Structure formats: structure tokens, C-alpha cells
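**Student:** Take this structure first; my questions come after.
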Amino acid sequence: MTTLTAAFAQAAVDYRDRIALIDGNGSAYRFSKVQELADAYAVGWHAKGVRAGDRVLIAMGIGVELYASLAALWSLGATVVLPEPAMGLAGLKTAIETTQPKFFCATGPYVWIKLLLPRLWRAKLLTPKQRRNSPPLCAVTDPDSVALISFTSGTTGAPKAIPRTHAFLMAQWKAVAPLLHSEVDEIDLVTFPVFVLINLAEGRTSVLPNWKMSKLADLDPGSLVAWITANNCTRALLPPSLCEKLVAAEDTGSLGHIFTGGGPVFPDVVQNLQRITQNLKITTVYGSTEAEPIAHANKVEQGHGLFVGRPVDAVRLRIVDMEIQVSGDHVNTGYLDPARDVETKVYEGNMIWHRTGDAGHLDDQGQLWLLGRVGDQVVTDKGVQFPFAIEITARKWKGVGRVAMVERSQGPVLVVEGNVAHIGTWRKRAAAFGITDVRHISKIPLDKRHSSKVDKNTLHALLA
Numbered sequence: 008m009t010t011l012t013a014a015f016a017q018a019a020v021d022y023r024d025r026i027a028l029i030d031g032n033g034s035a036y037r038f039s040k041v042q043e044l045a046d047a048y049a050v051g052w053h054a055k056g057v058r059a060g061d062r063v064l065i066a067m068g069i070g071v072e073l074y075a076s077l078a079a080l081w082s083l084g085a086t087v088v089l090p091e092p093a094m095g096l097a098g099l100k101t102a103i104e105t106t107q108p109k110f111f112c113a114t115g116p117y118v119w120i121k122l123l124l125p126r127l128w129r130a131k132l133l134t135p136k137q138r139r140n141s142p143p144l145c146a147v148t149d150p151d152s153v154a155l156i157s158f159t160s161g162t163t164g165a166p167k168a169i170p171r172t173h174a175f176l177m178a179q180w181k182a183v184a185p186l187l188h189s190e191v192d193e194i195d196l197v198t199f200p201v202f203v204l205i206n207l208a209e210g211r212t213s214v215l216p217n218w219k220m221s222k223l224a225d226l227d228p229g230s231l232v233a234w235i236t237a238n239n240c241t242r243a244l245l246p247p248s249l250c251e252k253l254v255a256a257e258d259t260g261s262l263g264h265i266f267t268g269g270g271p272v273f274p275d276v277v278q279n280l281q282r283i284t285q286n287l288k289i290t291t292v293y294g295s296t297e298a299e300p301i302a303h304a305n306k307v308e309q310g311h312g313l314f315v316g317r318p319v320d321a322v323r324l325r326i327v328d329m330e331i332q333v334s335g336d337h338v339n340t341g342y343l344d345p346a347r348d349v350e351t352k353v354y355e356g357n358m359i360w361h362r363t364g365d366a367g368h369l370d371d372q373g374q375l376w377l378l379g380r381v382g383d384q385v386v387t388d389k390g391v392q393f394p395f396a397i398e399i400t401a402r403k404w405k406g407v408g409r410v411a412m413v414e415r416s417q418g419p420v421l422v423v424e425g426n427v428a429h430i431g432t433w434r435k436r437a438a439a440f441g442i443t444d445v446r447h448i449s450k451i452p453l454d455k456r457h458s459s460k461v462d463k464n465t466l467h468a469l470l471a
């Protein structure tokens with residue numbers, strides 16, 4: 008197979024009557040139906056002028072139309088531009104300005120975006136429509152052509168556009184496949200779009216969210232459990248924030264295995280999930296937008312930092328001046344704007360290393376531990392302190408809900424979200440780390456993408 012699209016087409020033949028997708032309304036679509044939609048869209052859009060290399064901005068909800076549209080556009084050789092949904096209109100503007108799309112593919116209320124944004128006026132509108140008796144076109148299968156342009160979250164700086172070739176997506180599939188392998192038929196609740204693509208290529212059923220991923224904080228824990236149970240999901244691929252929802256619900260529904268990543272997965276979350284459901288398997292996955300996955304773990308370890316396990320076989324990993332650097336076929340080698348490469352790329356002969364910006368270390372068994380972001384460490388009278396070492400401990404203190412260590416001009420500050428009645432105890436315990444400034448805040452701001460990482464920029468503004 009040269010592309011995920013070709014792999015999906017084969018899966019549609021091999022598993023034609025198996026359920027491929029269950030959308031947020033509970034509607035189920037077989038593999039044959041998704042392929043039928045993709046073929047029909049491709050014929051219609053080819054007639055509208057979509058050709059290999061054309062950039063197509065997509066704005067639609069997470070449903071069968073999205074994945075059928077991806078398959079259709081890739082079969083035509085087009086490059087799909089996916090704005091960051093959590094960034095809303097600002098994310099769309101960034102995507103338009105960065106990529107200058109020739110076409111705009113949208114459904115429902117998203118169609119009106121074309122009228123709201125003048126920069127889209129020149130882009131030709133595509134809407135997913137099924138045409139009867141549409142014979143499939145001959146698919147474009149150049150593995151080196153750009154399949155997708157997506158964006159970093161912008162949590163640690165301005166969002167960067169990342170081009171991904173079909174060969175890159177295939178390498179990512181190869182890197183992820185061992186983690187998702189199962190000897191039995193699984194029903195996966197999937198909140199990460201790339202894993203839905205992989206499930207489609209492997210003939211596995213994916214249940215899509217029935218909530219807005221941009222409003223995770225508003226999701227009722229009981230509703231999450233009800234959705235899992237209603238669809239008899241056996242596994243879930245969730246950000247840590249949704250794992251915390253399951254902890255709050257004291258219920259994991261029908262799940263036997265949870266994969267979680269997209270932000271720090273703290274030991275107390277894993278331990279609480281396993282306390283709720285005996286024999287529940289939990290796999291934590293460490294990675295980034297530029298390199299997913301990097302490492303994984305199926306256990307909790309106590310030590311210096313946040314344990315993320317053994318690097319995956321497909322990645323080369325090294326530690327340089329405490330920073331984690333990675334290389335491999337599924338690791339991004341450059342941004343759409345080459346000027347951005349200076350920040351994160353290291354060139355050594357034919358090898359390109361990606362600087363993750365994460366501080367970490369490898370133990371004697373070759374397992375990876377995260378310490379926090381590079382530069383976030385502070386110096387106290389107790390020595391050098393890294394965020395994760397302190398935050399992991401502080402999350403166990405009575406009354407603590409969430410915690411973040413930040414450096415201010417006057418020194419390190421431990422910011423705590425929780426029951427302020429315990430602040431006296433927090434201050435005494437923080438002093439053991441050499442931190443004398445402990446501040447209570449009603450809600451620590453989190454990233455917009457997965458609500459799992461502390462938004463340091465917003466937090467600094469609040470403290471100011």
C-alpha cells in the first residue's frame with residue numbers, strides 16, 4: 008500500500024459489511040458506505056476542477072462526511088488543509104493566510120464562513136454531495152505528494168503549519184499500529200482524528216465524539232460514560248482531561264483499555280482509573296504534533312519526573328542538554344514556512360532531528376522520563392527544581408485539584424486550583440521544595456485543543 012487512501016479502499020473490500028464509523032448522532036456507516044461516499048464526492052469535485060496539488064481547506068464537523076471527504080480529496084491528489092478546530096475563527100484565518108487554498112470544502116453552517124472571510128472569496132466552494140451511479144476515478148497514489156497541512160496548537164508560540172506527505176502518514180501508521188494491535192475485534196471511541204484514519208485503514212470500528220471537542224470542560228462526566236456504554240466501546244483513545252472526567256464519574260463504562268495522550272498523564276489519574284475498574288489496561292502515549300508517537304507506557308513508575316515509558320521502535324531518540332530530540336520517518340522534518348525550522352530542527356548530514364522543547368532523561372533501562380518544558384526549571388535553596396517533579400507530588404496533597412509551577416520575576420510560584428482552606432498546608436509542603444510563594448486560583452487555564460496542558464501564557468497574565 009502506498010497511501011492510507013489505498014489501504015482504506017482495500018479495507019472497504021475486505022470488511023465491507025463491518026461498521027466503520029458511528030457518528031455523534033449514533034448513526035452507523037459500514038465500510039462500503041464510507042467508500043461509496045468518498046467515490047461519489049471525488050467524481051463531483053473532479054468535475055468542479057479539483058486536481059493533484061490543489062489545496063483544499065476543510066471546515067466541517069467530526070463525522071462521516073469529514074472522513075469520506077478526506078478519502079475523496081486524497082484520491083484526487085489534492086492537499087487537505089485542516090485548521091485547528093479549537094482556535095475557532097482565528098484558526099481558520101491562520102490556515103487561509105498560510106496556505107492560500109484554491110477550494111473551500113464545507114457543510115452546514117460552516118458554508119457561511121466563506122462569506123465572513125474575504126480571503127476565502129476567491130476559493131471555490133465544495134460541498135459533499137452523493138451522485139448516483141458514480142464510478143470511482145483512478146486514484147492518485149504519489150507517496151511523496153503532500154496529503155495534509157495541519158497546525159500546531161500554538162500553546163507555546165504562534166501556530167506552525169506542518170505539511171505531511173502520504174509517505175509520512177504511512178510511516179505514522181506503521182509507528183502506531185503496534186500500539187493499537189489487538190487479537191479481537193475492538194470498538195474504539197476515538198477523539199484524535201489521525202487514529203480514526205488508521206482505524207479506517209485497518210478495518211476497525213471507530214465511535215466518534217458526540218460532544219464538541221472545543222468545549223471539553225463543559226462535558227458532563229455521566230454523558231461521556233453513557234456514550235461509551237451505549238456503543239459498547241471496548242477501548243478509548245482520549246486526552247487526559249477526558250480520563251479525569253471518567254474519574255469524576257467513578258465509572259469507565261464498557262472499556263477494557265484506555266489509550267491517553269495529548270498532554271501530561273499524571274500518575275494519580277491512571278491510579279484512580281484502575282481503582283475504579285479492576286484489570287483496566289491503560290496505555291499512556293507521549294508525542295507531539297510533529298512526532299506522534301514518541302514513547303508509550305503500560306504502567307506507572309515513581310521517580311524523578313513523569314514516566315512515559317519506552318521509546319517506540321520507529322523513533323530515534325536522544326537527550327541533548329536535557330532536551331528530548333527525535334528523528335524517524337514519522338517525525339516532521341520541516342514546516343511549511345522554512346523560516347520556522349530554525350527553532351526546532353537540527354541538521355546532521357542526512358539526519359534531521361526534531362527538538363521537542365521537552366526536558367527529560369533516560370533511565371538505566373532506556374525508559375523515558377519527562378521533567379517539563381526546557382527552561383521551565385527553577386533554582387531554589389533546595390537546588391534545581393523541575394515542574395513535573397513538583398506537580399506530581401503536589402497533586403496528591405489534600406484539597407488540590409490541579410497545580411502548575413511557574414517562574415515569575417520574584418521567583419518560582421506554585422499555583423494551585425482546589426480548596427483554598429488547605430493553603431496553609433500547601434505552603435508548608437511547598438517549602439520542602441524551596442518554594443515559598445503558593446497562590447490559589449479558582450481555575451488554572453488549559454490549552455484549547457485538549458484541555459490537558461497548562462496555558463502558561465494565560466496563567467502568567469492572570470498572575471500579573
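In the working numbering, the protein residues as written are 8 to 471.
For every residue, glycine included, the Cβ atom is placed at its ideal position computed from N, Cα and C.
Quick caveat, the model's predicted, so the values are computed rather than measured.
#1: Within 10 Å of its beta-carbon, does leucine 123 have 16 or more other beta-carbons around it, so buried, or fewer, so exposed?
#2: Under the rule that 16 or more other beta-carbon atoms within 10 Å means buried, what is cysteine 250, buried or exposed?
#3: Only counting the same chain, and skipping five residues up and downstream in sequence, which positions put a Cβ closer than 7 Å to that of tyrosine 22?
#4: Could you name the residues of the same chain whose beta carbon sits closer than 8 Å to that of phenylalanine 395, not counting the 5 residues immediately before and after it, in chain order?
#5: Relative to the C-alpha of lysine 306, which residue among Leu375, Ile331, Ser334 is closest?
#6: Could you spell out the range, first to last residue, of the beta strand (DSSP E) harbouring tryptophan 360?
#7: In chain order, what residues of the same chain have a beta carbon less than 7 Å from the beta carbon of tyrosine 117, not counting five sequence neighbours either side?
#8: Measure the C-alpha to C-alpha separation of leucine 6 and threonine 198 and round it to an integer number of angstroms.
#9: For serine 82, which residues of its own chain have a beta-carbon under 6 Å away from its beta-carbon, when the five flanking residues on both sides are left out?
#10: Considering only the beta carbon of each residue, do tyrosine 36 and valine 87 sit closer than 8 Å?
#11: To the nearest angstrom, how far is the alpha carbon of glycine 418 from that of threonine 465?
#12: Counting beta carbon pairs with one atom in the region 179 to 196 and one in the region 413 to 427, are three or more of them shorter than 8 Å?
#13: Just to confirm my understanding: we take tryptophan 360, look at its own chain, exclude 5 residues before and 5 after, and list those with CB closer than 6 Å. What are they?
#14: Suppose you measure from the CA of leucine 453 to the CA of lysine 222; what does that come to, to the nearest Å?
#15: So which of Val191, Val327, Ala255 has the shortest CA-CA distance to proline 228?
#16: Could you tell me if serine 449 is buried or exposed, where buried requires 16 or more neighbouring beta carbons within 10 angstroms of its beta carbon?
#17: Out of Phe440, Gln278, Ala178, point me to the one whose CA is closest to glycine 390's CA.
#18: What is the rounded straight-line gap between the Cα of alanine 243 and the Cα of leucine 207?
#19: Please look up how many angstroms separate the CB atoms of lysine 121 and aspartate 61, rounded, as I've assumed it's under 8 Å.
**Tutor:** The structure says:
#1: For the purposes of this step, residue 123 is taken as residue 116 along the sequence shown, with counting starting at 1. Per the 10 Å Cβ criterion, exposed.
#2: As a first step, residue 250 must be located in the sequence shown, where it is residue number 243. It is buried - the Cβ of cysteine 250 has at least 16 other Cβ atoms within 10 Å.
#3: Within the sequence shown, residue 22 is the residue found at index 15, counting from 1. Same-chain partners within the cutoff: Phe38, Gly210.
#4: What you label residue 395 is simply residue 388 of the sequence shown in a count that begins at 1. The residues are Pro271, Gly312, Leu313, Leu377, Leu378, Gly379.
#5: The residue given as residue 306 occupies position 299 in the sequence shown. Ranking the options by Cα distance to lysine 306, first place goes to Leu375.
#6: Taking the first residue of the sequence shown as position 1, residue 360 is located at position 353. Tryptophan 360 -> beta strand (DSSP E) spans 358 to 369.
#7: Residue numbering aside, residue 117 sits at position 110 when the sequence shown is read from its first letter. These residues qualify, in order along the chain: Ala66, Met67.
#8: No statement about residue 6 is possible, as the shown extent of the chain runs from 8 to 471 and does not include it.
#9: Stepping through the sequence shown from its first residue, residue 82 is reached at position 75. So the list reads Thr12, Ala49, Ala146, once near-sequence residues are dropped.
#10: Counting from one through the sequence shown, the residue named residue 36 turns up at place 29. Counting from one through the sequence shown, the residue named residue 87 turns up at place 80. No, these two residues do not count as a Cβ contact at 8 Å.
#11: Along the sequence shown, read from residue 1 onward, the residue named residue 418 stands at position 411. Along the sequence shown, read from residue 1 onward, the residue named residue 465 stands at position 458. Rounded to whole angstroms, glycine 418 to threonine 465 spans 18 Å at the Cα level.
#12: no
#13: Counting from 1 along the sequence shown, the entry for residue 360 is found at position 353. These residues qualify, in order along the chain: Gln332, Ser334, Val353.
#14: Locating residue 453 in the sequence shown gives position 446, counting from the first residue. Locating residue 222 in the sequence shown gives position 215, counting from the first residue. Rounded to whole angstroms, leucine 453 to lysine 222 spans 12 Å at the Cα level.
#15: Within the sequence shown, residue 228 is the residue found at index 221, counting from 1. Ala255 is the residue among Val191, Val327, Ala255 whose C-alpha sits nearest the C-alpha of proline 228.
#16: Taking the sequence shown and counting its residues from 1, one reaches residue 449 at position 442. Exposed.
#17: By 1-based counting over the sequence shown, the position of residue 390 is 383. That would be Phe440, whose Cα lies nearest to the Cα of glycine 390.
#18: Along the sequence shown, read from residue 1 onward, the residue named residue 243 stands at position 236. Along the sequence shown, read from residue 1 onward, the residue named residue 207 stands at position 200. The straight-line gap from Cα to Cα measures roughly 16 Å.
#19: Taking the sequence shown and counting its residues from 1, one reaches residue 121 at position 114. Taking the sequence shown and counting its residues from 1, one reaches residue 61 at position 54. Between aspartate 61 and lysine 121 the Cβ distance is about 17 Å, and since that is not below 8 Å, they are no contact.
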